[in-house]
Amino acid sequence: MISNHLFPKQYRMIGWMLFVPGIILGIWSLFFDSHPFFDRQVFAVIAEKNLNSYVYFSWKENNILDEIAAVLIIIGGMLAAFSKLPNEDELISQLRLDSLLWATYLNYFILLLSVMFVYEFAFFPIIVFNMFTILIFFLLRFHWVLFRNRLQNDE
Amino acid sequence: MTNNVKLERTRYKLTQSELAEKVGVSRQSINAIEKGRYNPSIVLALKIAKTLQISVESLFQLENSD
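Protein sequences appear in the order of chains A and B. With this note's numbering as the guide, the letters of the first sequence map in order to residues 3 to 157. With this note's numbering as the guide, the letters of the second sequence map in order to residues 1187 to 1252.
Spelled out as structure tokens, the structure:
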């Protein structure tokens, strides 16, 4: 049975158009200082006031480039990953499910190794990447099995 | 699971694309079923059997390993 919880196929291209710039922005924000244009007042439900002290429901100034990148990656990635394909049928649904399982296994295996072998502030980038890696692994794996399936079935 | 989909399809003089269109799946799905790479759902198996005018049990057989 084909899943009814997929986005319409028109959203797939929108997803890629958000996801790829999001990834580029995210990588950019890792290696370069952000432009002051992105320093904005934001509403924080929880924010750090100083070490071990928090403020709740307040306005703060924050550079939002990384937040913009994260939103683009998450929304774009979800649309790209979970929109129907033009030739959607039960075989594609099965390949999608298998790929999602594989991506989940891989994501948590890497996270488990990181938990055991990466410590203190060096773990922070792991947490950041882990927000997105399950989507990225899924997209890579799903499109690889689609490509391999197309090769095998065009013989 | 083994199947005679290819045999019955050619006997019925249908191409993979034609059978795929009749049962509402892609040609690649029919190809994957015929090559034993994919086991169809009950609904799809029944649709294929109905299209080829043959019983499901004649079309799909369990193997010892199933």
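Cβ coordinates follow ideal geometry from the N, Cα and C atoms, glycine included. Since the structure is predicted, the reported quantities are computational estimates derived from the model, not experimental observations.
Buried or exposed by the 16-neighbour rule on C-beta atoms within 10 Å, applied to residue i
i, result
"Pro1226 (chain B)", "buried"
"Gln1214 (chain B)", "buried"
"Phe245 (chain A)", "The structure shown does not extend to residue 245 (chain A), since chain A is modelled only from 3 to 157, so the question has no answer here."
"Phe149 (chain A)", "exposed"
"Asn151 (chain A)", "buried"
"Val1209 (chain B)", "buried"
"Gly79 (chain A)", "buried"
"Phe134 (chain A)", "buried"
"Asp1252 (chain B)", "exposed"
"Gly24 (chain A)", "buried"
"Leu1205 (chain B)", "buried"
"Leu27 (chain A)", "buried"
Rounded distance between the beta-carbons of residue j and residue i, thought under 8 Å
i, j, result
"Ile66 (chain A)", "Phe40 (chain A)", "5 Å"
"Asn89 (chain A)", "Ser1241 (chain B)", "The Cβ separation is near 29 Å, so there is no contact."
"Leu93 (chain A)", "Tyr1224 (chain B)", "6 Å"
"Leu1245 (chain B)", "Leu1238 (chain B)", "7 Å"
"Glu1249 (chain B)", "Met1187 (chain B)", "6 Å"
"Ser31 (chain A)", "Asp68 (chain A)", "5 Å"
Neighbouring residues, chain C, relative to residue i (Cβ below 8 Å)
i, result
"Leu93 (chain A)", "No chain C appears in the structure shown, which is made up of the protein chains A and B."
#### Entry: Segments assigned beta strand (DSSP E), at least 3 residues, entirely inside the region 24-71 of chain A
41-52, 55-65
#### Entry: Positions along the region 65-91 of chain A whose CB lies within less than 7 Å of some CB in chain B
Per Cβ criterion, the list reads Asn89, Asp91.
### Task
Specify whether the region 106-116 of chain A and the region 1191-1207 of chain B touch according to this definition: at least 3 beta carbon pairs, one from each stretch, less than 8 Å apart.
no
### Message
Tell me which residues of the region 1220-1248 of chain B have at least one Cβ-Cβ distance to chain A shorter than 8 Å, keeping chain order.
### Response
For the region 1220-1248 of chain B, residues whose beta-carbon sits nearer than 8 Å to a beta-carbon of chain A comprise Lys1221, Arg1223, Tyr1224, Pro1226, Ser1227, Val1229, Leu1230.
### Query
Counting pairs of beta carbons, one from the region 84-97 of chain A and one from the region 11-25 of chain A, are three or more of them closer than 8 Å?
yes
### Task
Determine contact between the region 139-150 of chain A and the region 98-105 of chain A, defined as no fewer than three beta-carbon pairs at a distance below 8 Å.
yes
### Query
With a cut-off of 8 Å, do at least 3 Cβ pairs link the region 1188-1197 of chain B to the region 117-134 of chain A?
no
### Task
Please specify which runs of the alpha helix (DSSP H), each continuous and at least 4 residues long, are wholly inside the region 1206-1233 of chain B, giving them in chain order.
1213-1220
### Task
Could you please tell me which residues of the region 139-152 of chain A, in chain order, have their CB closer than 9 Å to any CB of chain B?
Asn151, Arg152
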